[in-house]
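Note sheet for the following structure.
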Amino acid sequence: MTLYLDDVDPAGPGLPWKPFTIPGSTPAVDLMRLEADPADGASTLLVRFPPGWNRPGPGHYLSGEEFVVLEGALTVSGVLYGPGDRGWVPAGATRRDSGTETGALALAWFSGAPAYVEGEAAEPSGRTAERTPLLTVPIPDGGLPLRSGDTGETRLYERAPASFAAAARVLWPDGTDGPRWTAFGPGDPVPAGRAGRAFVHLRYSI
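Per this note's numbering, the very first residue in the sequence shown carries number 172; after that it's consecutive.
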C-alpha cells in the first residue's frame, strides 16, 4: 500500500487538491488521493464536487465504490445522500442520474482500479445504490456491520476501539473537531481525543 496522507481533516484548508474530470460528467471536480494500492489499484479519495456537477449516465465501474458524504448533498442513481450518509455501489452496478445542485465533499473507497465504462452493465447486479445514515442509525454493541467480503469489511461504531488487529482506515464523520480520516496499522493506538461515531474500513490484503 502506498500511503500519501495518514491523518487528514477532510474539510481543512491547504490540502493538495487536483482538478479531475470524472468520466461522463461535467464540470471537473477537485480530487485528492489519500492512498493507493499499486497491486490492485484500490484507492481512497477525497472528492469535492462543485455546484451543478452532473453525470446523467448510464455507466458503471468495474470495482465497488463505498463513500461517505461529509458536506453538501450528492445524488447517485436517484438516491440523495447528505452529510453523514454512507453509500455502497457494487462493482458493475449501473448508475445514472448522479449530480449535485449545491456541491458536496465526499470520501470514497474503490475496491480496485476505478475504471469507468459508459453504458448499461451487461448483467444486472441488483440494487445499484444503498444509503445508510451513519449519524442516526442504531448501533448494537460491538458495532454495526455494513459490508463484508473476501478483501475487506466496514463497520460503524459508537466509539472506535482502542486499536485494530488489522490495518484500518477510520473516518469520524462528525467528531467534536469536525470530520477526520486516519490510517492505522495493526495494533496502532487510536488517539484518546477522537470522539463520536467511527466508520471503520478494513482491507484484509493490506
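Each residue gets a CB set at the ideal place from its N, CA and C atoms; glycine is no exception.
Bridge partners of residue 175 according to DSSP: none are assigned. Contact check between the region 212-226 and the region 194-202: three or more CB pairs, one atom from each, fall below 8 angstroms, which counts as touching. In the three-state scheme derived from DSSP, where H, G and I count as helix and E and B as strand, residue 305 is classed as coil. In the displayed model, residue 221 falls within coil according to three-state DSSP, outside both helix and strand.
Residues 199 of the same chain have their beta carbon placed closer than 6 angstroms to that of residue 192, with the five preceding and five following residues left out of the count. Beyond the five residues adjoining it in sequence on each side, residue 288 comes within less than 8 angstroms, by CB distance, of 230, 231, 232, 233 in the same chain, given in chain order. Rounded to whole angstroms, the gap between the alpha carbons of residue 209 and residue 328 is 30 angstroms. In this structure, the CA atom of residue 324 is about 31 angstroms from the CA atom of residue 185. DSSP, reduced to helix, strand and coil, places residue 323 within a strand of the structure shown. With respect to the C-alpha of residue 174, the residue from 366, 353, 359, 304 having the closest C-alpha is 353.
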